[in-house]
Amino acid sequence: MDYQIRLESFEGPFDLLLHLIEKQELDIYDIPIGQITDQYLDYLWAMDQLDLTIAGDFLVMGATLLSIKAKMLLPKPPIQTMEDEMEDPREELVIRLLEYQKFKAIIEELQIREMQQREVYEHPFNVENFLSGIKPPNPLRGIGAADLTAIYQEMLEVLTKVEPIHELYTEEYTVATQMELIGKLLSSKVEGLFFFELLSENLNITSIITTFLALLELIRLSKVEVYQEKPFGSIRVLWADNKL
Amino acid sequence: MLFAEKPKAILECLLFATAMPLSIDEIASVLELSLEEAEELLFQLMREYNDSDRGLQITLLAEGYQMGTKPQYAPYLEKICRPRSNPLSKPALETLAIIAYRQPITRTEIEAIRGVRVEHLLSTLIERDLIKEIGRKEGPGRPILYGTTSEFLIYLGLKSLEDLPPLDKQQDGIR
Amino acid sequence: MLFAEKPKAILECLLFATAMPLSIDEIASVLELSLEEAEELLFQLMREYNDSDRGLQITLLAEGYQMGTKPQYAPYLEKICRPRSNPLSKPALETLAIIAYRQPITRTEIEAIRGVRVEHLLSTLIERDLIKEIGRKEGPGRPILYGTTSEFLIYLGLKSLEDLPPLDKQQDGIR
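Residue numbers (the working numbering), protein chains in the order written: chain A, 1 to 244; chain B, 245 to 419; chain C, 420 to 594.
Listed below in structure tokens is the structure:
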């Protein structure tokens with residue numbers, strides 16, 4: 001090995017590649033890809049021999065380099081197309097290296113700013129402590145228990161006037177609210193729920209049908225998945241997002 | 245003047261940046277001064293702060309010296325730290341009334357009565373210390389049960405929940 | 420003098436006591452002054468602090484104003500203040516820089532630039548309040564878009580995002 005540098009000291013494959021290029025004063029716009037690929041892979045072998053785990057990202061770049069090298073070895077077509085030359089297989093790599101280089105270059109300046117700002121101390125003001133010393137304003141100022149009761153009574157009166165009591169059920173169940181309810185119930189249950197468990201205690205025909213329609217809609221949207229272990233068995237419903 | 249400006253500036257920084265009150269021993273040790281010198285410096289700085297029209301003051305608490313705001317300016321700090329002191333909206337009061345009379349109650353049950361979503365109203369009421377989570381309902385999803393807080397009783401001047409005015413029995417039949 | 424001492428004293432309290440930098444709008448609103456009046460008062464106070472031998476300074480940070488200690492006194496404060504959080508690791512700072520200059524940006528886009536995975540670095544940066552989720556990118560999977568916070572500006576002592584050092588000052592051949 002020409003260079004005694006440990007792989008762990010590199011932030012990633014781009015860092016290692018840029019190091020190789022800079023160290024040998026190579027032209028980043030015309031990288032001798034064979035030479036660089038060999039040197040890069042040498043590092044990986046060395047790491048491997050030391051029984052050190054090589055991060056997958058380094059291996060991916062190794063494969064990319066080999067693939068570029070292979071493309072460069074392919075014979076060029078004898079006649080170039082009129083307008084543009086064949087795309088250089090290195091181009092994408094160079095663009096990415098240049099982009100990474102910009103950030104690598106700015107780090108030092110950001111580090112200086114970070115250290116400078118660390119010299120400035122703020123007052124360790126604790127809002128919680130401060131506020132605990134202040135009585136919060138009474139959110140119910142001007143309102144008495146009787147007012148609250150009146151508000152409640154009035155609300156109940158409006159409800160009873162507008163619709164007979166049994167009609168309230170139909171108000172409760174819409175496909176949209178049931179979809180939301182199913183989502184709430186299922187998302188916290190990794191193992192899923194049986195269909196009957198999705199129904200509220202207030203079993204009536206409207207609630208069952210609405211819940212079923214909501215379930216169908218969720219299936220259509222791929223939000224849930226349903227399984228039946230045997231014909232006519234209970235339907236198990238799983239929240240699709242829970243599967244990952 | 246006995247001291248150069250610098251030790252006083254350091255002392256100012258110390259009082260400003262420490263979370264706990266500073267003893268004269270600690271001050272002397274950081275500034276590398278004798279106790280007498282540290283005390284003289286401190287008193288000088290205290291006079292500059294406390295006898296002026298400045299907003300800040302340095303006070304001696306049991307455990308040491310501390311920098312803080314002068315008490316007369318507290319209302320302005322409240323204004324910026326706790327901007328929310330608006331009265332509750334009608335929907336919030338309605339939701340609170342339902343919880344007061346029906347507790348323990350789940351969000352879905354409240355929504356069944358009110359016919360609209362109450363999620364943000366519940367957050368408001370929790371933030372204002374009027375309601376809290378008091379458990380979980382058995383059953384699918386184990387939904388949160390809400391109830392009123394002791395602050396709620398205090399704000400209404402009630403001794404207990406039984407002091408809530410009774411309702412007209414028939415109307416409370418809705419479920 | 421244009422102002423009585425009192426508004427300046429209040430302003431001093433506000434700058435002392437608020438955890439985040441205060442915008443000129445907030446200052447004007449608490450003091451019930453016009454923007455121009457608030458600004459004049461603020462600049463007056465800043466001169467009194469910054470151009471003197473005092474230990475404290477008022478600076479423009481994250482589009483607001485904040486009181487802090489002058490940097491030259493840091494060595495004394497290190498001795499007595501709570502230890503500061505560790506500086507960011509190089510990989511974390513690199514990731515933060517990419518987000519700062521290229522926001523809004525997805526995790527995959529960051530990884531394309533860094534060439535390595537950044538998932539755990541993103542959690543670190545979020546935990547330290549330096550970045551946050553600022554939306555979702557349209558398209559398959561609707562991936563999360565990340566951006567920097569005001570704490571980020573404070574952390575690097577920046578007045579605003581425009582205050583970031585220019586990224587492309589060197590040769591920027593291919594784009």
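Ideal Cβ positions, reconstructed from N, Cα and C, are used throughout, including at glycine.
Residue i versus the options, residue with shortest Cα-Cα distance
i: E246 (chain A); options: A:T206, A:T64, A:L185; result: Beyond the ends of chain A as shown, which are 1 and 244, falls residue 246 (chain A); an answer cannot be given.
i: K509 (chain C); options: A:L73, A:L74, A:I112; result: A:I112
i: P632 (chain C); options: C:I532, C:G534, C:L575, C:E528; result: Look at the range of chain C in this structure, 420 to 594, and you will see that residue 632 (chain C) is not part of it.
i: R555 (chain C); options: C:G566, C:E546, C:R547; result: C:G566
i: D297 (chain B); options: B:F287, B:P315, B:L286, B:E283; result: B:P315
i: P265 (chain B); options: B:I254, B:L305, B:F396; result: B:L305
i: D57 (chain A); options: A:L73, A:A70, A:E11; result: A:E11
i: A146 (chain A); options: B:A341, B:A356, B:E307; result: B:A341
i: E482 (chain C); options: C:P584, C:E456, C:R503, C:K578; result: C:K578
i: A356 (chain B); options: A:L159, A:E191, A:V226, A:L238; result: A:L159
i: L460 (chain C); options: C:L507, C:I499, C:K427; result: C:K427
i: E109 (chain A); options: C:E456, C:K425, C:L575, C:A457; result: C:L575
i: L97 (chain A); options: A:L17, A:Q24, A:T37; result: A:L17
i: L374 (chain B); options: B:P409, B:R351, B:T350, B:L332; result: B:L332
i: K323 (chain B); options: C:Y492, C:T437, C:P502; result: C:T437
i: L140 (chain A); options: B:I378, B:E395, B:G385, B:P384; result: B:E395
i: T37 (chain A); options: A:D48, A:V60, A:L65; result: A:L65
i: G383 (chain B); options: A:L73, A:K189, A:P124, A:F103; result: A:K189
Sequence-distant residues of its chain with Cβ nearer than 8 Å to residue i (five each side left out)
i: Q229 (chain A); result: Residue 229 (chain A) is actually Glu in this sequence, not Gln. Around E229 (chain A): R236.
i: S453 (chain C); result: A447
i: T514 (chain C); result: I529, R533, V537, L540, L541, L544
i: Y468 (chain C); result: L475, Q476, I477, M486
i: D269 (chain B); result: L279
i: V274 (chain B); result: I254, L258
i: R419 (chain B); result: Reliability of the predicted coordinates at R419 (chain B) is poor, the pLDDT of 41 falling under 50, and no value is obtained from them.
i: L572 (chain C); result: L480, A481, E482, K578, S579, L580, D582
i: S504 (chain C); result: R547
i: I488 (chain C); result: A small correction: the amino acid at residue 488 (chain C) is Thr; Ile does not occupy that position in the sequence shown. The residues are G474, L475, Q476, L496.
i: I31 (chain A); result: I21, R90, L93, V94
i: T525 (chain C); result: K556, P562, I563, L564, Y565
i: Y29 (chain A); result: V94
i: F194 (chain A); result: S234, I235, R236, V237
Beta-bridge partners of residue i, as assigned by DSSP
i: W45 (chain A); result: For W45 (chain A), which the question treats as bridged, DSSP gives no partner whatsoever.
i: F14 (chain A); result: None, per the DSSP bridge assignment.
i: V224 (chain A); result: A:W239
i: K551 (chain C); result: C:G566
i: I151 (chain A); result: Looking at the DSSP assignment, I151 (chain A) forms no beta bridge with any residue, so it has no partner.
i: I268 (chain B); result: DSSP lists no partner for I268 (chain B).
i: L305 (chain B); result: B:G308
i: L350 (chain B); result: Reading off the sequence, residue 350 (chain B) comes out as Thr, not Leu. B:L389.
i: T313 (chain B); result: B:L300
i: L193 (chain A); result: A:V237
Same chain only: Cβ atoms within 6 Å of residue i, ignoring 5 sequence neighbours per side
i: K376 (chain B); result: T393
i: Y520 (chain C); result: L586
i: K223 (chain A); result: A240
i: V226 (chain A); result: I235, V237
i: M61 (chain A); result: P13
Residues near residue i by beta carbon distance below 7 Å, same chain, minus five either side
i: L213 (chain A); result: V175
i: I68 (chain A); result: I33, P89, R90, L93
i: K71 (chain A); result: P89
i: F634 (chain C); result: Past the edges of chain C, shown from 420 to 594, lies residue 634 (chain C), and the structure says nothing about it.
i: Q39 (chain A); result: L20
i: H166 (chain A); result: Residue confidence for H166 (chain A) is low, a pLDDT of 46 falling below 50, so the modelled location carries little weight; the figure read from the coordinates is stated next. Contacts found: none.
i: S9 (chain A); result: none
Residue i CB to nearest heavy atom of the ligand SAH below 7 Å
i: L20 (chain A); result: The ligand SAH is not part of this structure, which contains no ligands at all.
Integer-rounded CB distance, given that residue j should sit under 8 Å from residue i
i: Q153 (chain A); j: L411 (chain B); result: 6 Å
i: L221 (chain A); j: G192 (chain A); result: So it is not a contact: roughly 17 Å between Cβ atoms.
i: L148 (chain A); j: L337 (chain B); result: 7 Å
i: I208 (chain A); j: L199 (chain A); result: 6 Å
i: S187 (chain A); j: N242 (chain A); result: 7 Å
Check your understanding: Which of the residues in the region 431-457 of chain C, read from start to end, lie with their CB under 7 Å from any CB of chain B?
Key -> Of all residues in the region 431-457 of chain C, only E431, C432, L433, F435, A436, T437, E445, V449 place a beta-carbon less than 7 Å from a beta-carbon of chain B.
Check your understanding: Which residues, in order along the region 493-508 of chain C, keep a beta-carbon less than 9 Å from a beta-carbon of chain B?
Key -> From the region 493-508 of chain C, only A493, Y495, L496, K498, I499, C500, R501 have a Cβ closer than 9 Å to chain B.
Practice item. Taking only beta carbons into account, state which residues of the region 565-577 of chain C come closer than 9 Å to chain A, listed in chain order. Key: Those would be I573, Y574, L575, G576, L577, in chain order.
Review point. Along the region 470-483 of chain C, what residues have a CB closer than 8 Å to any CB found in chain B?
Key: Residues D472, R473, G474, L475.
Practice item. Output, in sequence order along the chain, the residues in the region 144-155 of chain A whose CB is closer than 7 Å to any CB in chain B. Key: G144, A145, A146, L148, T149, I151, Y152, Q153, M155: these are the residues of the region 144-155 of chain A whose beta carbon lies less than 7 Å from some beta carbon of chain B, given in chain order.
Point to revise | Contact residues within the region 61-76 of chain A, judged by C-beta distance below 8 Å to chain C | key: From the region 61-76 of chain A, only M61 have a Cβ closer than 8 Å to chain C.
Review point. Along the region 183-194 of chain A, what residues have a CB closer than 8 Å to any CB found in chain B?
Key: So the close ones are K184, L185, S188, K189, L193.
Review point. Which residues, in chain order, does the region 523-535 of chain C contribute to contact with chain A at a C-beta distance below 9 Å?
Key: Considering only beta carbons, the part of the region 523-535 of chain C lying closer than 9 Å to chain A consists of E530, A531, I532, R533, G534, V535, in chain order.
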